[in-house]
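Mapping of the sequence shown onto the UniProt record's numbering: position 6 corresponds to residue 6, and the numbering continues sequentially without gaps.
C-beta: ideal position from N, C-alpha, C; glycine also.
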Amino acid sequence: MFPESAPETVASFSGLARGTWTWRDPRTGELGFGPLYSGTIFHCVVAGLMIQGGDPQGDGTGGPGWEFPDEIDPAVNFDRPYMVAMTTTAPDTVGSQFFITLRPAPHLNGRHTIIGEVIQGQEVVDAIAKIPTGNKGRPITDVVVQFIQIHGHQT
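Quick look at the structure:
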């Protein structure tokens with residue numbers, strides 16, 4: 001994790017992953033307790049570029065029930081594969097959705113908050129990226145997140 005580059009975003013992601021932050025279930029409106037990401041799916045694969053997940057609705061439209069501003073650090077770039085960054089629909093709409101790059105992606109620099117990188121399990125990312133997809137890049141077979149293990153940041 002890169003807490004020095006994106007402290008609020010790293011705290012949010014870590015808290016949602018560990019279940020120390022509450023969130024609002026977009027389907028029911030009820031407060032969610034426990035790890036938000038556990039049980040969600042990777043809902044989009046952009047061939048050769050990224051895999052995307054973190055939506056409790058599973059269709060790319062959901063989030064934790066709140067948004068906050070981007071934390072873009074010009075010193076941290078998409079200069080290598082396996083960078084983890086937050087998906088946004090517009091500036092300053094960081095929620096729970098994230099993506100993991102499959103290759104360097106300099107065209108994304110300055111557009112998304114980078115929160116860390118995959119340091120273990122790159123083969124899992126690569127396997128997800130190879131799953132056949134259907135409409136809007138959705139994997140034909142659901143890829144379910146069991147848990148997210150975070151190194152280097154405590155909430």
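Ile-51 carries a strand assignment under DSSP once its states are collapsed to helix, strand and coil. Exclusion of the five residues before and after Gln-146 leaves Ser-38 as the residues of its chain whose Cβ lies within less than 7 Å of its Cβ. Along the length of the UniProt domain "PPIase cyclophilin-type" (1 to 150), whole alpha helix (DSSP H) runs at least 4 residues long occupy 7 to 18, 122 to 129, reported in chain order. The beta carbons of Leu-36 and Pro-3 sit no closer together than 9 Å.
At a Cβ-Cβ threshold of 9 Å, Glu-8 and Phe-68 count as neighbours.
By the neighbour-count definition (other C-beta atoms within 10 Å, threshold 16), Gly-53 is a buried residue. Comparing alpha-carbon positions, the option among His-107, Gln-57, Met-50, Asp-79 lying closest to Asp-126 turns out to be Met-50. Between Arg-103 and Pro-81, the beta carbon gap of about 5 Å places them in contact (Cβ cut-off 8 Å).
CA-CA distance, Leu-108 to Thr-20, rounds to 30 Å. The region 113 to 132 and the region 77 to 95 touch, with three or more beta-carbon pairs separated by less than 8 Å.
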